Amino acid sequence: MKRLIKSGALALFLSTSLAGVAPAQEPVKIGLVSTMSGPGGVMGRHHKDGAELALEQLGGKLGGVPAEIIVGDDQQKPDIGRQVVEGMLKRDKVKFVTGVVFSNVLLAIVDPIVSAGSILVSASGGPSEIAGAKCMRQFFSTSWQNDQAPEAMGEYMTSQGIKSVAILAPNMVAGKDMLTGFKRYYKGKVAAEIYTNFTQADYQSEMTQIRMAKPDAVFVFYPGGLGIQFVKQYAQSGLQKQIPLYSVYTQNETTIGAIGGAVAGNYEAGFWSAGLMNPVNAAFVEAFRKKYGYLPSEYAAASYDAIRLIDSGMRATGGNVDNNDALIAAMEKAEFDSVRGKFKFNTNHFPVQDYYLFRLEKNDKGEYYRKQEKLILAQHGDSYAKSCQMK
Amino acid sequence: MALLFFEQILNGVQFGVMLFLIAAGLTLVFGIMNLINIAHGVLYMIGAYICASVIQVTGSFWQGVVVAILGTLVVGIFVEVLVFRRLYHRTHLDQVLATFGVTMFFNELVRMIWGPTAIYAPMPEFLSGFVEIIPGSPFPVYRLAIIAAGLCAGAALYVVITYTRLGMLIRAGASNRAMIDALGVNIKLLYTVVFGIGAALAGFAGLMAGPLLTVESGMGNDMLILALVVITIGGVGSIRGALFASLLIGIIDAMGRSFLRPLLSTITPQTFADTAAPAIASMLIYLTMALVLIFRPQGLFPPVVR
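From first to last, the protein sequence lines stand for chains A and B.
So in the working numbering, spot 292 of the first sequence is number 292, and the numbers just go up one at a time.
So in the working numbering, spot 148 of the second sequence is number 148, and the numbers just go up one at a time.
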């Protein structure tokens, strides 16, 4: 009996492996490296779901060539992210790498990708370090440059005549970029600039400091779990009624569900929300919700666009990924319909896009969402592109 | 200025009390059973998840509290019988490895059941208001409730440890484990009971923290690190030490975060103060631990060992 099972298994194994040997078109591989575990894991999940939906809608092919997405977890750590990416480059020979929630992880992985001749399409992280003099041909972003959204918010708050603001962010790469961007466009007085510890959960002490500074408004950047905690505690401290709260990347589809009613009446600035009114986006949100059962966030939207960008580039080169010059030139044209509306690349391969003001309100189903209020900056580029010397 | 100072002390006390609830269980387990339980943060997380889920289903805060404490107790005892019992005679390294594995297991399990997105933990209506203890500065009632609940739990623990037979056995076990074993006390049962007490306290801390913080997979990790610092400073096996050390850490943390930046900016340029102060403030707790380890390695209130 044992011998029968063994030979049966051997026969099955041989037949399936022989079938694999039959010549087939080499699929193009895309490495999706994002934060899949821990508190940041929800954003990685949005990346994965957005990318897989895009590939499915394209029939599993990019530019007519069958494609495969390989998912890796950077655990929000730059060194782990680098290890994962290097494994994907050597073992899986990925031509494209996408995903990447956190800017510090992105800075760690960009060099091995460029050295291997592959292309990085960021669906989130957008540090200022590679937007200026150190810009790279083999880097594209379908998401944002970190300073852009806070710049829009700074512009809006100046135009509203808000005289003094207290600003807060976690003490990390993106946090510093966000507040720098805000201060670049906000012309009033910064009553307090507070950087908090990245693992800090309790903000009561900061609430007290805000109250002492007596600002007219508060502006924050607190992604993921940090945002859930800050916004809830801000409402609970009683400050929300006296001092309005403005934010970027804090109150979005990854966090609103967990924050609950504390978002009501707050403001957020961004380039996209699930409620953004254009036909491409409406179709995307509906397809996403149908397939996965939850609303996509800008992380999912940017990841979805990243796959479609790669597809547009490969369609133009006829599925050929070996000639980087032709591929990059094709991708720079960005000939695809983005879910955010009008989309084009700046000289540093970061997006030039519209920025809106959103207000957190209830829809007719009783759920909180980001309602599109007004356009703040049309076709806004980033402040570092002028230092970029790429051709 | 004095009002700001007092308010920050109050903030620090509240954070310290929450830490105490977690550290108390951890120090008991370490002191009595000589078990380093890295998985203690998991019990805190489970308490928060169960309470939030129950409230979402039934709408009642008290039901959430009862079910969460019982649920955490059940999970704690289950893991104790299944895993920890085999670890008591092993080296500390084996214990760390095993309990670390338990932590990863539960973090993933929670993600599988509830998903990776943080869940909504509603704050009970009767506790969501403000009280002006310090005139002009509203302080959330909920945080006062945490202080009160934590101190009550501490008092209850003190009464049990000092005035009951169980408490006597616990104190004896912390002093000399081999002796009480030789005296015929049912060690297995004692250990399970002690573990259960620790689990219930951690679960209670978790469910109280839920409405304030995020309820997500891995929420216990950072709290556990702080709890380990607390028991190192306070002395392993000592409840009094855990209380004192948690309050100390809570206050140092609150003070550091609010006063270090303005203090530093009087002697250094503002931009340096802006970036250096939060970094130094977050190090203060560990600096304190390092100082204690250098000058009084057994902790500030170690249990008397005969």
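The C-beta atom is built at its ideal place from N, Cα and C for all residues, glycine as well.
Source: prediction; values computed, not measured.
Beta-carbon separation (whole angstroms), residue i vs residue j, contact threshold 8 Å
i, j, result
"residue 328 of chain A", "residue 137 of chain A", "6 Å"
"residue 32 of chain B", "residue 173 of chain B", "4 Å"
"residue 338 of chain A", "residue 305 of chain A", "5 Å"
"residue 73 of chain B", "residue 196 of chain B", "6 Å"
"residue 98 of chain B", "residue 48 of chain B", "The Cβ separation is near 24 Å, so there is no contact."
"residue 145 of chain A", "residue 117 of chain A", "Not quite, the Cβ-Cβ distance comes to about 24 Å (not below 8 Å), so this is no contact."
"residue 245 of chain B", "residue 230 of chain B", "5 Å"
"residue 224 of chain B", "residue 77 of chain B", "Going by Cβ atoms, the distance from residue 224 of chain B to residue 77 of chain B rounds to 20 Å, so no, they are not a contact pair."
"residue 197 of chain A", "residue 282 of chain B", "4 Å"
Separation of residue j from residue i, as counted between CA atoms
i, j, result
"residue 36 of chain A", "residue 102 of chain A", "12 Å"
"residue 259 of chain B", "residue 56 of chain A", "54 Å"
"residue 160 of chain B", "residue 82 of chain B", "27 Å"
"residue 131 of chain A", "residue 177 of chain A", "12 Å"
"residue 202 of chain B", "residue 176 of chain B", "26 Å"
"residue 60 of chain B", "residue 263 of chain A", "23 Å"
"residue 235 of chain B", "residue 302 of chain B", "4 Å"
"residue 35 of chain B", "residue 171 of chain B", "16 Å"
"residue 145 of chain B", "residue 131 of chain B", "11 Å"
"residue 336 of chain A", "residue 330 of chain A", "11 Å"
"residue 347 of chain A", "residue 135 of chain A", "9 Å"
"residue 393 of chain A", "residue 212 of chain B", "With chain A covering only 1 through 391, there is no way to say anything about residue 393 of chain A."
"residue 162 of chain B", "residue 70 of chain B", "25 Å"
"residue 291 of chain A", "residue 116 of chain B", "17 Å"
"residue 214 of chain B", "residue 78 of chain A", "24 Å"
"residue 361 of chain A", "residue 372 of chain A", "10 Å"
"residue 94 of chain A", "residue 86 of chain A", "10 Å"
"residue 217 of chain A", "residue 190 of chain A", "10 Å"
"residue 294 of chain A", "residue 44 of chain A", "14 Å"
"residue 238 of chain A", "residue 139 of chain B", "8 Å"
"residue 316 of chain B", "residue 65 of chain B", "Outside the shown range of chain B, which is 1 to 306, sits residue 316 of chain B, and nothing can be said about it."
"residue 102 of chain B", "residue 124 of chain B", "32 Å"
"residue 108 of chain A", "residue 193 of chain A", "28 Å"
"residue 18 of chain A", "residue 72 of chain A", "Only weak support is given to the placement of residue 18 of chain A: the predicted model assigns it a pLDDT of 49, under 50, and the value that follows is read from those uncertain coordinates. Each residue's Cα considered, the two are about 28 Å apart."
Extent of the continuous beta strand (DSSP E) to which residue i belongs
i, result
"residue 354 of chain A", "351 to 362"
"residue 247 of chain A", "245 to 247"
"residue 189 of chain A", "189 to 196"
"residue 134 of chain B", "130 to 134"
"residue 379 of chain A", "368 to 380"
"residue 270 of chain A", "267 to 270"
Boundaries of the alpha helix (DSSP H) in which residue i is found, first to last residue
i, result
"residue 279 of chain A", "279 to 292"
"residue 34 of chain A", "From DSSP, residue 34 of chain A is part of no alpha helix (DSSP H) but of the beta strand (DSSP E) over 28 to 34."
"residue 315 of chain A", "298 to 316"
"residue 86 of chain A", "78 to 87"
"residue 44 of chain A", "41 to 57"
"residue 105 of chain A", "103 to 115"
"residue 294 of chain B", "270 to 295"
"residue 68 of chain A", "Segment 65 to 73 is the beta strand (DSSP E) holding residue 68 of chain A; no alpha helix (DSSP H) there."
Sub-8 Å separation of residue i and residue j beta-carbons
i, j, result
"residue 43 of chain B", "residue 13 of chain B", "no"
"residue 185 of chain A", "residue 208 of chain A", "no"
"residue 299 of chain B", "residue 233 of chain B", "yes"
"residue 312 of chain A", "residue 287 of chain A", "no"
"residue 157 of chain B", "residue 24 of chain B", "yes"
"residue 246 of chain A", "residue 219 of chain A", "yes"
"residue 112 of chain A", "residue 66 of chain A", "no"
"residue 180 of chain A", "residue 202 of chain A", "no"
"residue 269 of chain A", "residue 167 of chain A", "no"
"residue 302 of chain A", "residue 124 of chain A", "yes"
"residue 221 of chain A", "residue 249 of chain A", "yes"
"residue 34 of chain A", "residue 92 of chain A", "no"
"residue 368 of chain A", "residue 275 of chain A", "no"
"residue 225 of chain A", "residue 251 of chain A", "no"
"residue 411 of chain A", "residue 256 of chain A", "Outside the displayed span of chain A (1 to 391) sits residue 411 of chain A, for which this structure offers no information."
"residue 7 of chain B", "residue 118 of chain B", "no"
Any non-hydrogen atom of the ligand MN within 7 Å of residue i CB
i, result
"residue 390 of chain A", "As for the ligand MN, it is missing from this structure, which has no ligand bound."
>> For the stretch 212 to 229 of chain B, list every residue whose C-beta sits within 9 Å of some C-beta in chain A, in sequence order.
In response: 212, 213, 214, 215, 216, 217, 218, 219, 221, 222, 223, 225
> Listed in chain order, which residues of the stretch 197 to 209 of chain A have Cβ atoms closer than 8 Å to some Cβ of chain B?
Replying inline: 197, 199, 200, 201, 202, 204, 205, 206, 208, 209
> Using a Cβ cut-off of 7 Å, which residues of the stretch 30 to 59 of chain A contact any Cβ in chain B, in chain order?
Replying inline: 38, 39, 41, 42, 45
> For the stretch 1 to 15 of chain B, which residues have a beta carbon sitting closer than 9 Å to at least one beta carbon of chain A?
Replying inline: 4, 7, 8, 10, 11, 12, 14, 15
>> Along the stretch 32 to 60 of chain B, where does the CB come closer than 9 Å to a CB of chain A? Name the residues.
In response: none
> Just by C-beta distance, which residues in the stretch 125 to 155 of chain B are closer than 8 Å to chain A?
Replying inline: 128, 130, 137, 138, 140, 142, 143
> Got a sec: which bits of the stretch 245 to 259 of chain A sit with their beta carbon under 8 Å from any beta carbon on chain B, in order along the chain?
Replying inline: Hits within the stretch, in order: 254, 255, 257, 258, 259.
> What residues from the stretch 159 to 184 of chain A come within 7 Å of chain B, judged by C-beta to C-beta, listed N to C?
Replying inline: Look at the stretch 159 to 184 of chain A: the residues with a C-beta under 7 Å from a C-beta of chain B are 171.
>> Any C-beta of chain A within less than 9 Å: which residues of the stretch 103 to 116 of chain B qualify?
In response: Listed by position, the residues of the stretch 103 to 116 of chain B near chain A (Cβ gap below 9 Å) are 107, 108, 111, 115, 116.
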